[in-house]
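Asker: Numbering of the sequence shown is given in the working numbering, commencing with residue 3 and proceeding in unit increments.
The C-beta atom is built at its ideal place from N, Cα and C for all residues, glycine as well.
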Amino acid sequence: MKVSMKHLAAVALSVVVANVQAETKWDMPTPYGDSNFHTVNIREFAEDVGDATDGELNIVVHSGGSLIKHPEIKNSVRRGLVPIGELIMSRLANEDPLFEVDSVPYLASNYDEAWELWLASRDLLAQRLERQRLKLLFAVPWPPQGIYTSFPVETGKELRGVKMRAYNKSSEQLAELFGAVPTQVEVPDIPTAFGTGRVDAMITSPSTGANTRAWDYLTHFNHAQLWLPKNMVVVNARAFERLPESVQNAIETAAVEAEKRGWEASKAETEAKIAIMEENGIVVSEPSEALVQRLQEVGATMEKDWLERAGSDGKALVEAYRAR
Ligand code: PCA
C-alpha cells in the first residue's frame, strides 16, 4: 500500500492529540518517607486513580519533602504550583485553631473517638479550606502520640529543661508546659537533629519512632496516647474543576477508599511498630499514675486555651463531638 505523506502526517498528529488527551500529570508533594504508611497509602491512591481513568490522570508522588518541603506544601497547592499535596492538618493551627482540634490532648485519644471527632469536624474544616479554593479529599490519623526519651519518665518532672522535638503547636505547647524546650523538626530531619544534639526527646507516634530508628538515639517510649493527629490530602479547586467529570469522579472514589484503607493501616501500625521498637531494645511503658495526672492537668490547660482561641465555632464543634 502506498502511504502518502499527508496520510502519515494525519496519523502522527492524531497520535499526538490522543497522547495529549490521554495523560494529565499531577505532581504530588508529600512530607513523609517512602516506608511510612501514609505514603504507601497515597501511592495506592495514585495508582487507583490511574487505573480508574485508564491513565488519563497520572499522579506522581514525591515523598519525604523531596519536591516541596512540608511547611510550603499547603501554599504551593493553593497557588497552583502543584495541583495536589499532603500535609499534617494541625500545621495550619496558626491560620485557624480549628485545624488542630485533633491535637488537643485527650479530647480524642483512641481510634473510635478520633473517628467521631473527624465526622464532627470534617465539613467545617472542608469549608475553611474551600475559602482558599482548596478541596479536602481525605484525612488519615497517625497512631496515638507518646513521649520518647533517653531516660524513664515517672512524673513528668524529668522533662524539665530537656530539648524536645516538636512538629505542631500542640506538641510545642505540651513540651513548654512540662518545662521542656521545644524545637520544630520535620520527620526527615529527626536522625540528624538527635545526632547533632539539637534535640534530646520527642513527642510522636510508634510509627515515626520506628521509621526514624528511635533506638539509635533514644531508650524509652511512653505510650501516653495523647492525641491522634491527622494528615490530609488537598487539591487545588481550579485544577480539579478543569478535569473531565469522569476523572473528578475517579478521584473522589479513590479518596473514599484511601481514607478507609488509611484508618485501618493506622490502627494496625500501633502494635506492629511498638513490637519493632521493643525488638530493638526500646523500653515501652504505659504512663504511671503520677504522669497521667500531670498529663491530664496539662491537657485541661491546653483544651481551655484552645477553646479560647477557637471561639464560638470551636465551642460548637466540641459540643457536637461530645454529643455524638
Ligand atoms: N508523626 C509525625 C506527625 C505525628 C506523627 O506521629 C511527626 O512526628 O512529625
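Is Val142 closer than 8 Å to Gly264 when the C-beta atoms are compared?
Answerer: Within the sequence shown, the letter at position 262 stands for residue 264. Within the sequence shown, the letter at position 140 stands for residue 142. A contact, by the Cβ cut-off of 8 Å.
Asker: Within a Cβ cutoff of 8 Å, which residues of the same chain sit near Ser37, ignoring the five residues on either side of it in sequence?
Answerer: Position 35 of the sequence shown, counted from the start, is the residue given in the question as residue 37. Excluding positions up to five away in sequence, the list reads Asn213.
Asker: For ligand 1, any of its heavy atoms closer than 7 Å to the Cβ of Asp231?
Answerer: Within the sequence shown, residue 231 is the residue found at index 229, counting from 1. For clarity, residue 231 is Pro in the given sequence; the question names Asp instead. Within the cutoff, so yes.
Asker: Measure the beta-carbon distance from Ala260 to Asn43 and round it to whole angstroms, keeping in mind my assumption that it falls under 8 Å.
Answerer: To locate residue 260, count along the sequence shown from 1; it is residue 258. To locate residue 43, count along the sequence shown from 1; it is residue 41. 6 Å between Cβ atoms; contact.
Asker: Buried or exposed for Asp50, going by 16 or more other Cβ atoms inside 10 Å?
Answerer: Residue numbering aside, residue 50 sits at position 48 when the sequence shown is read from its first letter. That one is buried.
Asker: Would a check of beta-carbon distances place Gly197 closer than 8 Å to chain C?
Answerer: The structure shown contains no chain C; it holds only a single protein chain.
Asker: Scan the segment 83 to 132 and note each continuous alpha helix (DSSP H) run of 4 residues or more that stays entirely inside, going in chain order.
Answerer: Those alpha helix (DSSP H) runs which fall completely within the segment 83 to 132 and span 4+ residues are 113 to 132.
Asker: Would the beta-carbon of Val189 be found less than 7 Å away from any heavy atom of ligand 1?
Answerer: Against the sequence shown, residue 189 aligns to sequence position 187. It does: the Cβ of Val189 is within 7 Å (strictly closer) of some heavy atom of ligand 1.
Asker: Apart from the five residues on each side of it in sequence, which residues of its chain come closer than 7 Å, Cβ to Cβ, to Asp307?
Answerer: On the sequence shown, position 305 is the one that residue 307 refers to. Answer for Asp307: no residue qualifies.
Asker: Helix, strand or coil for Ile70, going by three-state DSSP, please let me know.
Answerer: Numbered from its first residue, the sequence shown carries residue 70 at position 68. Of the three classes helix, strand and coil, the one that applies to Ile70 here is coil, per DSSP.
Asker: In chain order, what are the residue ranges of uninterrupted beta strand (DSSP E) at least 3 long that sit wholly in the segment 225 to 289?
Answerer: Correct list: 232 to 238, 285 to 287.
Asker: Nearest-angstrom Cα distance between Ile86 and Ala128?
Answerer: Reading the sequence shown from its first residue, position 84 is the one you call residue 86. Reading the sequence shown from its first residue, position 126 is the one you call residue 128. Each residue's Cα considered, the two are about 15 Å apart.
Asker: Specify the secondary structure class of Trp308 as computed by DSSP and reduced to three states.
Answerer: Looking up residue 308 in the sequence shown gives position 306. Helix at Trp308.
Asker: Residues in its own chain within less than 8 Å of Leu309 by CB, not counting five upstream and five downstream?
Answerer: Reading the sequence shown from its first residue, position 307 is the one you call residue 309. Once the five neighbours on either side are set aside, the close Cβ partners of Leu309 are Gly316, Lys317, Val320.
Asker: Does the Cβ of Ile149 lie closer than 7 Å to at least one heavy atom of ligand 1?
Answerer: Counted from its first residue, the sequence shown places residue 149 at position 147. Not so, every heavy atom of ligand 1 lies at least 7 Å from the Cβ.
Asker: Write down every uninterrupted run of the beta strand (DSSP E) in the segment 141 to 174 whose length is 3 residues or greater and which is fully enclosed by it, in chain order.
Answerer: Those beta strand (DSSP E) runs which fall completely within the segment 141 to 174 and span 3+ residues are 148 to 151, 165 to 168.
Asker: Can you give me the C-alpha to C-alpha distance between Arg311 and Pro107, rounded to a whole angstrom?
Answerer: Against the sequence shown, residue 311 aligns to sequence position 309. Against the sequence shown, residue 107 aligns to sequence position 105. Rounded to whole angstroms, Arg311 to Pro107 spans 15 Å at the Cα level.
Asker: With a 10 Å radius around its C-beta and 16 neighbouring C-beta atoms as the bar for buried, classify Ile277 as buried or exposed.
Answerer: Here residue 277 refers to the residue found at position 275 when the sequence shown is read from its first residue. Here residue 277 is Ala; the residue named in the question, Ile, does not match the sequence. The residue is exposed, with fewer than 16 neighbouring Cβ atoms inside 10 Å.
Asker: Does the beta-carbon of Tyr169, which I'm using as the reference point, lie nearer than 7 Å to any heavy atom of ligand 2?
Answerer: Among the ligands modelled here, namely ligand 1, ligand 2 does not occur.
Asker: Tell me the rounded alpha-carbon separation between Glu273 and Ile90.
Answerer: Counting from 1 along the sequence shown, the entry for residue 273 is found at position 271. Counting from 1 along the sequence shown, the entry for residue 90 is found at position 88. Rounded to whole angstroms, Glu273 to Ile90 spans 22 Å at the Cα level.
Asker: Measuring straight from C-alpha to C-alpha, what distance separates Met30 and Ile75?
Answerer: Here residue 30 is taken as the residue at index 28 of the sequence shown, counted from 1. Here residue 75 is taken as the residue at index 73 of the sequence shown, counted from 1. Those two C-alpha atoms are separated by around 9 Å.
Asker: Ordered along the chain, which non-local residues of its own chain (more than five positions away) have a Cβ less than 7 Å from that of Phe39?
Answerer: Sequence index remark: in the sequence shown, residue 39 carries index 37 (1-based). Same-chain partners within the cutoff: Ser209, Ala267, Ser268, Glu271.
Asker: Quick one: what does DSSP say Ala177 is sitting in, helix, strand or coil?
Answerer: By one-based count along the sequence shown, residue 177 stands at place 175. Note: Ala177 maps to helix in three-state DSSP.
Asker: If we count the other Cβ atoms within 10 Å of its Cβ and call it buried at 16 or more, is Glu88 buried or exposed?
Answerer: Translated into positions along the sequence shown, residue 88 becomes position 86. Burial call: buried.
Asker: Any chance the segment 281 to 289 sits against the segment 215 to 224, with 3 or more Cβ pairs inside 8 Å?
Answerer: At 8 Å Cβ cutoff, the stretches touch.
Asker: Could you say which of Arg326, Phe242, Gln227 lies nearest to Gln147 if we only look at CA atoms?
Answerer: Position 145 of the sequence shown, counting from 1, holds the residue named residue 147. Nearest C-alpha to Gln147: Gln227.
Asker: Which class does Leu293 belong to by DSSP, given the choice of helix, strand or coil?
Answerer: For this step, residue 293 is matched to residue 291 along the sequence shown. Helix, per DSSP.
Asker: Give the DSSP-derived three-state secondary structure of Pro190 in the structure shown.
Answerer: Counting from one through the sequence shown, the residue named residue 190 turns up at place 188. Three-state DSSP puts Pro190 in a helix.
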